[in-house]
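Residue numbers (this note's numbering): 1 to 313. Here a beta-carbon is modelled for each residue, glycine too, at the ideal position from N, C-alpha and C.
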């Protein structure tokens with residue numbers, strides 16, 4: 001949910017005039033007693049790529065990580081991995097989806113499934129692995145777990161989404177028919193976790209997760225246009241986000257970027273894979289990575305996934 005991840009940040013700067021040292025402490029990574037709540041999001045600036053030095057005509061790359069951390073499950077593997085590329089000059093962007101069964105080189109683990117990077121080195125290592133794979137300089141990484149996902153969706157009041165196909169999966173409790181559906185936290189999580197409905201389960205699930213994010217962005221773009229709405233969203237972020245290495249300049253710049261790239265201009269694409277079990281990159285992946293890497297926008301490579309080659313929200 002890109003607006004949740006970066007769109008409220010401009011509002012947070014405005015809040016500084018009202019909340020003084022609270023926002024200042026939060027922006028330096030301090031959890032503020034009486035203001036901070038349960039952590040929904042963890043945002044990390046990767047020190048090899050400072051946003052202040054980024055060419056404004058170039059895209060910004062942010063790693064979005066959903067971990068499987070929850071009661072009874074240890075390890076915090078990165079089971080939802082998406083590279084968000086936004087280009088403020090072109091007012092457009094791309095979400096590139098990395099299924100958890102993608103096999104690649106992970107420092108400390110060898111050639112393994114990409115989801116092991118998060119349990120090995122957190123969202124920063126996820127970003128490093130994806131940056132090496134794609135050649136894209138990742139500036140930020142943001143992580144959310146099951147509890148954070150539920151809290152975040154319910155915290156903004158849920159959202160409406162057009163379900164594009166039938167989904168029935170007893171493992172995730174997904175039970176959908178095509179058409180409009182209101183998503184609260186529990187329902188959205190069941191949609192995002194379903195991989196048994198589809199023949200290309202993990203591959204299609206990865207695309208579905210980004211589809212869900214774009215629907216949430218559209219809701220937030222509509223609901224948080226007013227100063228009061230932006231203040232409410234900023235307050236939610238201050239209470240439930242843990243920052244590492246981010247400063248006020250980052251918050252300002254990311255907020256500006258988010259406002260310049262509407263959800264309707266963000267395409268969703270899953271990387272092409274081959275094999276079975278532990279999946280390797282297909283030869284076409286080089287063309288996809290080159291297409292996104294240069295300006296953050298898909299131009300020649302088709303959007304979509306193997307199950308829906310060119311879907312429309």
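ask   = Quick one: is residue 160 buried, meaning 16 or more other Cβ sit within 10 Å of its Cβ, or exposed?
value = By the Cβ neighbour-count rule, residue 160 is exposed, with fewer than 16 other Cβ atoms within 10 Å of its own.
request  = Can you tell me which of the three DSSP states residue 177 falls into?
outcome  = coil
query = Could you give the residue range of the alpha helix (DSSP H) that holds residue 162?
reply = No alpha helix (DSSP H) contains residue 162, which is instead part of the beta strand (DSSP E) from 159-163.
task = Could you spell out the range, first to last residue, of the alpha helix (DSSP H) harbouring residue 118?
result = 116-134
request  = Starting from the Cα of residue 150, find the closest Cα among 38, 260, 94, 83 and give me that residue.
outcome  = With respect to the C-alpha of residue 150, the residue from 38, 260, 94, 83 having the closest C-alpha is 38.
key: contact_flag[the region 113-126, the region 167-178] where n(CB pairs < 8 Å) is 3 or more   = no
inquiry  = Since residue 85 and residue 107 should fall inside the 8 Å C-beta cutoff, what is the C-beta to C-beta distance between them, to a whole number of angstroms?
reply    = Incorrect: roughly 23 Å between the Cβ atoms, too far for contact.
request  = Could you please give me the residues that DSSP links to residue 257 through a beta bridge?
outcome  = Residue 257 is not bridged to any residue.
ask   = Is residue 205 buried or exposed, if buried means 16 or more other CB atoms sit within 10 Å of its CB?
value = Around the C-beta of residue 205, 16 or more other C-beta atoms lie within 10 Å, and the residue is accordingly described as buried.
query = Any chance the region 133-145 sits against the region 228-237, with 3 or more Cβ pairs inside 8 Å?
reply = At 8 Å Cβ cutoff, the stretches do not touch.
query = Taking only runs of the beta strand (DSSP E) that begin and end inside the region 180-252, which ones reach a length of at least 3 residues, in chain order?
reply = 241-244
inquiry  = Tell me the DSSP secondary structure of residue 303 in three-state form.
reply    = coil
task = Can you grab the Cα-Cα spacing for the pair residue 219 / residue 153, in whole Å?
result = 11 Å
inquiry  = Within 10 Å of its beta-carbon, does residue 209 have 16 or more other beta-carbons around it, so buried, or fewer, so exposed?
reply    = By the neighbour-count rule (16 or more Cβ atoms within 10 Å), residue 209 is buried.
ask   = Between residue 183 and residue 148, is the Cβ-Cβ spacing less than 8 Å?
value = no
message = What does the alpha-carbon distance come out to for the pair residue 98 and residue 129?
response = 11 Å
query = Run through DSSP, which three-state label would residue 294 get?
reply = Looking at residue 294 - three-state DSSP - the assignment turns out to be helix.
inquiry  = Whole angstroms are fine: how far does the CA of residue 190 sit from the CA of residue 174?
reply    = 5 Å
task = Would you mind sorting residue 225 into buried or exposed? The rule is 16 or more other CB atoms within 10 Å of its CB.
result = exposed
Cβ neighbour criterion (16 or more within 10 Å) applied to residue 289 = Residue environment: residue 289 is assigned as buried (16 or more neighbouring CB atoms within 10 Å of its CB, all protein chains considered).
task = Report back the beta-carbon spacing between residue 103 and residue 96 to the nearest angstrom; my notes put them in contact at under 8 Å.
result = Between residue 96 and residue 103 the Cβ distance is about 17 Å, and since that is not below 8 Å, they are no contact.
request  = Would you kindly check if the distance between the Cβ of residue 261 and the Cβ of residue 88 is under 8 Å?
outcome  = yes
task = Could you spell out where the beta strand (DSSP E) holding residue 92 opens and where it closes?
result = 92-98
ask   = Taking the beta strand (DSSP E) that residue 169 falls in, what are its first and last residues?
value = Run containing residue 169: 167-169, per the beta strand (DSSP E) assignment.
inquiry  = Taking the beta carbon of residue 185 as the centre, do at least 16 other beta carbons fall within 10 Å, making it buried, or is it exposed?
reply    = buried
request  = Output the boundary residues of the beta strand (DSSP E) element that contains residue 105.
outcome  = For residue 105, the enclosing beta strand (DSSP E) covers residues 103-106.
key: Burial state of residue 198 (16 or more Cβ within 10 Å)   = So residue 198 ends up on the buried side.
key: For residue 66, the residue or residues it bridges with in DSSP   = Answer is 80, 144.
message = Just to confirm my understanding: we take residue 42, look at its own chain, exclude 5 residues before and 5 after, and list those with CB closer than 6 Å. What are they?
response = 143, 242
message = Going by the DSSP bridge assignment, what does residue 156 pair with across the sheet?
response = DSSP lists no partner for residue 156.
ask   = Taking the alpha carbon of residue 165 as the point to measure from, which residue in 221, 296, 217, 194 has its own alpha carbon closest?
value = 194
task = Let me know if residue 162 comes out buried or exposed under the rule of 16 or more other beta-carbons within 10 Å of its beta-carbon.
result = exposed
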